[in-house]
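I have placed the structure first, in the form of structure tokens, so that the comments after it can refer back to it.
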Amino acid sequence: MELDEILESLKSGKTTVASAKKLLSLYSIEEIEGIAKIDVNRQKRRGVPEVILAETKELGELKKIIKKTLEKSDRVVVSRIKKGDYSKIVALAKSLKMRTRTGRNSSTILIFKKPPRPRGAVGILAAGTSDVGVAEEARLMCEAMNCRCVTSYDVGVAGIQRMFPELKKMVSEDVGCMIVVAGMEGALATLVSALVDIPVIGVPVSVGYGYGKGGVAALASMLQSCSLGLAVVNIDGGIAAGGIAANIANRTARNARKSSKRYIP
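So, in structure tokens, the structure goes:
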């Protein structure tokens, strides 16, 4: 339905306020000079902010998309920024009087007006230092979706004793979901999912060489995991993992709040 049709339908009583709200959220696509179409109401509809994949965009186009998005929304995630453009995007955010969060070894930036308000909590483990960039991409996505993140990096199976105290800490902090980022053979994701009663999302990373290069071995290993409770995203899919984990964690936190309100001691 077109915008005027939705409003006329609401005025005539043919559509309820709830139905009109849903139709308007679906209608709200902002077109930017023929370059991109932005779903400005995605954050309200799904809790997921606009995410701009920067690696295939020219700097001028990227700046226009960021500016237009921030006119309609209070935050945007810009992922896979070209090395030469990274500092320029940070400078653009400052010129727009926006705040930024960046990640260690990451090409992703979270740009926002007000700090996201934590709701759920997500635990993020990275097997090795080579996996940190993807883990940080996931962290920024979770934070953009109002999640507090508990992180621990370089805790892979080559020194498995490092993982147990960190895992214990995450369980004690009541994270609603866990993200495990690993390259090489990707074994850490299976191990973690076998130890906790929390949903685990495995992220295979394109770190490896020889037969399993490009993350193929890690992906195959995670997909073939015999441990239940493990879901797997694409190779280097930090953004996807963050989006799923934050949705799970936020829903878990919301249900916990509802349960506590119903509880009468």
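In the numbering used here, the protein residues as written are 801 to 1065. All C-beta atoms in this analysis are idealised placements derived from N, C-alpha and C, irrespective of residue type, glycine included. Given the structure is predicted, the values throughout are model-derived calculations rather than measurements.
Considering S879, what are the terminal residues of the beta strand (DSSP E) in which it resides? 875-879
With 16 as the cutoff for other CB atoms within 10 Å, does G947 come out buried or exposed? According to the sequence provided, residue 947 is Cys. The question's Gly does not apply to it. Result: buried.
Run the CB neighbour count on C977, radius 10 Å, all protein chains shown included, and call it buried at 16 or more, exposed below.
buried
* Asked: Which one of L1019, P999, V817 has the shortest CA to CA distance from S1006?
  -> L1019
Member of G1010, D997, R880, M898 whose CA lies at the smallest distance from the CA of M941:
R880
Please list the terminal residues of the continuous beta strand (DSSP E) segment that includes V851. 851-853
What is the DSSP secondary structure of K894, reduced to helix, strand or coil? helix
query: For P918, which residues from the same chain have a beta carbon less than 7 Å from its beta carbon, with the 5 sequence-adjacent residues on both sides left out?
result: N946, C947, R948
* Which value, in whole angstroms, describes the spacing of the CA atoms of G956 and L925? -> 9 Å
Every unbroken beta strand (DSSP E) inside the segment 981-1025 [3 residues or more]: 1000-1004
| Is DSSP giving R901 helix, strand or coil here? | strand
- In three-state terms, what does DSSP make of L859? helix
Q | Whether G1014 touches V980 by CB criterion (8 Å) | A | With a cutoff of 8 Å on beta-carbon distance, G1014 and V980 are scored as not near each other.
- prompt: Once you ignore the five residues that flank G923 on each side, which residues in its own chain have a CB closer than 6 Å to its CB?
  reply: V950, M970, V975, M978
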